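Q:
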Amino acid sequence: MTRLPAVVFSALLIAPALVFSSPPSTIQFVDAAEQAGLTLLNVCGGESKDYIVEVNGNGAALFDYDNDGDLDALIVNGSTLPGMRRGGDPMVALFRNDGTGRFDDVTGPSEVRARGWGMGACVADYDNDGFQDAYVTAFGPNVLLRNNGDGTFTDSTARAGVGDARWSTNCAFGDYDRDGHLDLYVSNYLTFREGAVPSRGTSSGCSYAGLDVMCGPKGLDGEADVLYRNNGDGTFTDVTRAAGIVDPGLYGFGVVFSDLDGDGWPDVFVANDSVPNLLFRNNRNGTFSETGLASGLALSGDGKPQAGMGADAADYDGDGRLDIFVTHFSGDYNTLYQNSAAGFFTDVSHQAGVVPRSLSYLGWGTGFGDFDNDGLLDLFVANGHVYPQVDAARGGSTYRQRNQLFRNAGNGRFREVTEDPGGGLAIEKSSRGAALGDLDNDGDLDVLVINMNDRPTLLRNDTGSGNRWVTVKLVARGGNRDAIGARAWMEQDGRFQIADVRSGSSYLSHNDMRLHFGLGARTAVPPLIVQWPDGAVERFEGLTSNAIQTVQQGRGQTAAGSGR
Numbered sequence: 017m018t019r020l021p022a023v024v025f026s027a028l029l030i031a032p033a034l035v036f037s038s039p040p041s042t043i044q045f046v047d048a049a050e051q052a053g054l055t056l057l058n059v060c061g062g063e064s065k066d067y068i069v070e071v072n073g074n075g076a077a078l079f080d081y082d083n084d085g086d087l088d089a090l091i092v093n094g095s096t097l098p099g100m101r102r103g104g105d106p107m108v109a110l111f112r113n114d115g116t117g118r119f120d121d122v123t124g125p126s127e128v129r130a131r132g133w134g135m136g137a138c139v140a141d142y143d144n145d146g147f148q149d150a151y152v153t154a155f156g157p158n159v160l161l162r163n164n165g166d167g168t169f170t171d172s173t174a175r176a177g178v179g180d181a182r183w184s185t186n187c188a189f190g191d192y193d194r195d196g197h198l199d200l201y202v203s204n205y206l207t208f209r210e211g212a213v214p215s216r217g218t219s220s221g222c223s224y225a226g227l228d229v230m231c232g233p234k235g236l237d238g239e240a241d242v243l244y245r246n247n248g249d250g251t252f253t254d255v256t257r258a259a260g261i262v263d264p265g266l267y268g269f270g271v272v273f274s275d276l277d278g279d280g281w282p283d284v285f286v287a288n289d290s291v292p293n294l295l296f297r298n299n300r301n302g303t304f305s306e307t308g309l310a311s312g313l314a315l316s317g318d319g320k321p322q323a324g325m326g327a328d329a330a331d332y333d334g335d336g337r338l339d340i341f342v343t344h345f346s347g348d349y350n351t352l353y354q355n356s357a358a359g360f361f362t363d364v365s366h367q368a369g370v371v372p373r374s375l376s377y378l379g380w381g382t383g384f385g386d387f388d389n390d391g392l393l394d395l396f397v398a399n400g401h402v403y404p405q406v407d408a409a410r411g412g413s414t415y416r417q418r419n420q421l422f423r424n425a426g427n428g429r430f431r432e433v434t435e436d437p438g439g440g441l442a443i444e445k446s447s448r449g450a451a452l453g454d455l456d457n458d459g460d461l462d463v464l465v466i467n468m469n470d471r472p473t474l475l476r477n478d479t480g481s482g483n484r485w486v487t488v489k490l491v492a493r494g495g496n497r498d499a500i501g502a503r504a505w506m507e508q509d510g511r512f513q514i515a516d517v518r519s520g521s522s523y524l525s526h527n528d529m530r531l532h533f534g535l536g537a538r539t540a541v542p543p544l545i546v547q548w549p550d551g552a553v554e555r556f557e558g559l560t561s562n563a564i565q566t567v568q569q570g571r572g573q574t575a576a577g578s579g580r
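Residue numbers for the sequence shown follow our numbering, so the first one is 17 and each next one is one higher.
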């Protein structure tokens, strides 16, 4: 998108906090997975985790595959090394939301039959037929599931040309060349061949806290990421090299495909494990330049690479720029990068208060969201160690860990939510992927968490703060009706909330693409300004609070700043 209009941007600079906030209420999560029918047992290697392929876990995607207005859940599953020798396990399970709080397993009727070792998923209507499709990453060939619009899916991987056979992790759709067709970025991890990597406990020399553990990623060969350009006819072309995606193989994990410098063109941030992160800045001519180090995103504020896992971007401080949060290994801190000016970032983790409470945890899935509808973006982190053996060590981390929620205090700082009347945040599992969305359409954000060799956790948000909200589904013109890449904001007294329509993010997961705004005690919804993927800017008035509404391009008032 283009930068916000000058009047808007200057107001943002003098208004770092939001006016929608109301007195704090206790955020309450209840694990409703069993009640909802989301009881699929995760398979991801053996219990002792002898090889690195067994430890990274799986994710999930929340999307409305049947267009009935309710978020459905696609859960990705792994396999085992013996299972892979037999062709792998079912990679995905699809659960249909019936609108009453229950999810029905429709994997069979939907004809989702892919087998292998699944990792994660991202969603978009890549062929613009009105039904959202899913791309599933894997240890082995990835799979593109085309939504047929009748409740079934077709494996269109071969026809589309996106069956990367390497070990892929995260993915995201976005229109990098702004031709109206959604392209696809896939991060790849490393080269693993059974027999070529020593098993835990053999003479590998791999240890942690004096314990024999699996080997990697250091010492193993990383795999380069890939960028596919959508040809507009249901097929894709690998344009990685031509587009300047220069990745020497850096253990890729979390991906954020979004306009990070405000120039109207989507950039790509990649969180890498144990090596510097990457930022591919869009040159607006079909190519990218890697600027991770120059932008401040490659390393921590201490000048060191970290073990990047999950990532998300949002404007947590209300200054009109997207900031980035990255989860990391235990013994290190999760990093909050503040976007200080035109895509240059500063590590403000210490100032924001997220460091002390993250050191003993190993973070994975993450996401910004206003969980109490006070107008301030909070922060969720899913945790779990990679080494089951840490339970034998004295003190320090444990394999199963509780997940965390950090509440936005409105002054640039976060405070961990320690009160837990619902009990959802007290659950200890080895969690990985996390997908955010309003699964029961009650106006607050829930979280689906995937746990290693265990059943999912569905953190139903029962906060009941009394704060008001509005959720908006954007529908764009042209070949990207999902409006991926659109940016929307609302303003009151010169202060703003900003949200992007985005595919992917978190860790191996995909969030609800509807835009959620907490309003605090306000009953009236401020005008919504939408900057569409093609650069047009429109103003929409008269939205209703405590409601989910659809906003279509071309039906608003043309607003200042539209065009290029």
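Glycine residues also receive a C-beta, built at the ideal position from the N, C-alpha and C atoms. Computed from a predicted model, the values in this text were never measured in an experiment.
Sorted by chain position, which residues of the same chain lie with C-beta nearer than 6 Å to S37's C-beta, five sequence neighbours on each side aside?
A: Since pLDDT at S37 reaches only 47, below the 50 mark, its modelled position is unreliable, and the value read off the structure follows with that caveat. So the qualifying residues of the chain are D390, G391, L392, G426, G536.
Q: Taking the C-alpha atoms as reference points, what is the distance between A398 and F45?
A: So the alpha carbons of these two residues sit roughly 14 Å apart.
Q: K619: buried (16+ other C-beta within 10 angstroms of its C-beta) or exposed?
A: Because the chain spans 17 through 580 in this model, residue 619 falls outside it and cannot be assessed.
Q: Buried or exposed: where does S374 fall if 16 or more other Cβ atoms within 10 Å of its Cβ makes it buried?
A: Result: buried.
Q: Okay, do the segment 73 to 84 and the segment 443 to 451 touch, 3+ Cβ pairs below 8 Å being the bar?
A: Flag = yes, the segment 73 to 84 and the segment 443 to 451 touch.
Q: If we ignore side chains and look at the alpha-carbon of each, how far apart do D121 and T479 end up?
A: Approximately 28 Å, taken between the alpha carbons.
Q: Taking only the alpha-carbon atoms, compute the straight-line gap between R410 and G226 and give it to the nearest angstrom.
A: Rounded to the nearest angstrom, the two C-alpha atoms are 11 Å apart.
Q: Could you round the C-beta distance between S184 and S203 to whole angstroms and report it? I think they count as a contact, below 8 Å.
A: Confirmed, about 7 Å.
Q: Determine the burial state of S525: buried for a count of at least 16 other Cβ atoms within 10 Å of its Cβ, exposed for fewer.
A: Its Cβ being crowded by 16 or more others within 10 Å, S525 is buried.
Q: Start and end of the alpha helix (DSSP H) containing G308?
A: Its alpha helix (DSSP H) spans residues 308 to 311.
Q: Use the C-beta contact count for H6: other C-beta atoms within 10 angstroms, 16 or more gives buried, fewer gives exposed.
A: Nothing can be reported for residue 6: it is not among the residues displayed for the chain, which extend from 17 to 580.
Q: Keeping to the same chain, check which residues put their C-beta closer than 7 Å to that of F556; ignore five residues upstream and five downstream.
A: Excluding sequence neighbours, F556 sits near P543, L544, V546, V567, G572.
Q: Ends of the beta strand (DSSP E) at Q565?
A: Note, Q565: beta strand (DSSP E), 563 to 568.
Q: Which residues bound the beta strand (DSSP E) around R102?
A: It is not in any beta strand (DSSP E) - R102 carries neither H nor E in the DSSP assignment.
Q: Throw me the rounded Cβ distance for the S274 and P264 pair, which I believe falls under 8 Å.
A: S274 to P264, Cβ: 24 Å. No contact.
Q: Just curious, the beta strand (DSSP E) that T173 is in, first and last residue?
A: Element bounds for T173: not the beta strand (DSSP E) but the alpha helix (DSSP H), 173 to 176.
Q: Quick check on G385: does DSSP put it in helix, strand or coil?
A: The answer is strand: DSSP assigns G385 an E or B state.
Q: Round the Cβ separation of L395 and F345 to the nearest angstrom and send it over; I've been treating them as touching at under 8 Å.
A: The pair is not a contact, with the Cβ atoms about 18 Å apart (cut-off 8 Å).
Q: Enumerate in chain order the residues of its own chain whose CB-to-CB distance from N477 is below 7 Å, with the five nearest sequence positions on each side excluded.
A: Excluding positions up to five away in sequence, the list reads F45, F387, D460, L461, D462.
Q: In this structure, how does DSSP classify D462 when only helix, strand and coil are distinguished?
A: Correct three-state label for D462: strand.
Q: Using the Cα positions of A515 and R101, report the straight-line distance between them to the nearest angstrom.
A: Approximately 44 Å, taken between the alpha carbons.
Q: What residues in its chain sit with their C-beta under 7 Å from that of A49, if we drop five residues either side in the sequence?
A: Counting only Cβ-Cβ distances below 7 Å, and skipping sequence neighbours, we find T55, R471, P472, T473, L474.
Q: The alpha helix (DSSP H) spanning H401 covers which residue range?
A: No alpha helix (DSSP H) contains H401, which DSSP labels as neither H nor E.
Q: If you measure from the CB of D277, is any heavy atom of the ligand NAP nearer than 7 Å?
A: For the ligand NAP, the structure offers nothing, since it holds no ligand at all.
Q: Within 8 Å of any Cβ in chain D, is that where the Cβ of A77 sits?
A: This model lacks chain D altogether, as it is built from one protein chain only.
Q: Taking only the alpha-carbon atoms, compute the straight-line gap between V291 and T116 and give it to the nearest angstrom.
A: Rounded to whole angstroms, V291 to T116 spans 45 Å at the Cα level.
Q: So the candidates are A140, A130, N164, D143; which of them puts its Cα closest to the Cα of N158?
A: Measuring from the Cα of N158, the nearest candidate turns out to be A130.
Q: Nearest to L531 by alpha carbon, out of V541, R538, R518?
A: The option with the nearest alpha carbon to L531 is R518.
Q: What do you get for E554, buried or exposed, if any count of 16 or more other CB atoms within 10 angstroms of its CB means buried?
A: Classification for E554: buried.
Q: I'd like to confirm the pairing. Which residues does DSSP put opposite R418 in its beta bridges?
A: DSSP, once it has assigned bridges, lists E444 as partnering R418.
Q: Please give me, in chain order, every unbroken run of the beta strand (DSSP E) with length at least 3 that falls completely inside the segment 491 to 515.
A: Counting whole runs of 3 or more residues, the segment 491 to 515 contains the beta strand (DSSP E) stretches 503 to 508.
Q: Which class does S274 belong to by DSSP, given the choice of helix, strand or coil?
A: In the structure shown, S274 sits in a strand (DSSP, three-state: E or B).
Q: Compute the Euclidean distance between the alpha carbons of Q420 and G385, then round it to the nearest angstrom.
A: Answer to the nearest angstrom: the Cα atoms are 13 Å apart.
Q: Using only the alpha-carbon positions, how far apart do R431 and G336 sit?
A: Straight-line Cα distance between these residues: approximately 22 Å.
Q: Apart from the five residues on each side of it in sequence, which residues of its chain come closer than 6 Å, Cβ to Cβ, to G494?
A: Excluding positions up to five away in sequence, the list reads G196.
Q: With DSSP as the reference, label I340 as helix, strand or coil.
A: The answer is strand: DSSP assigns I340 an E or B state.
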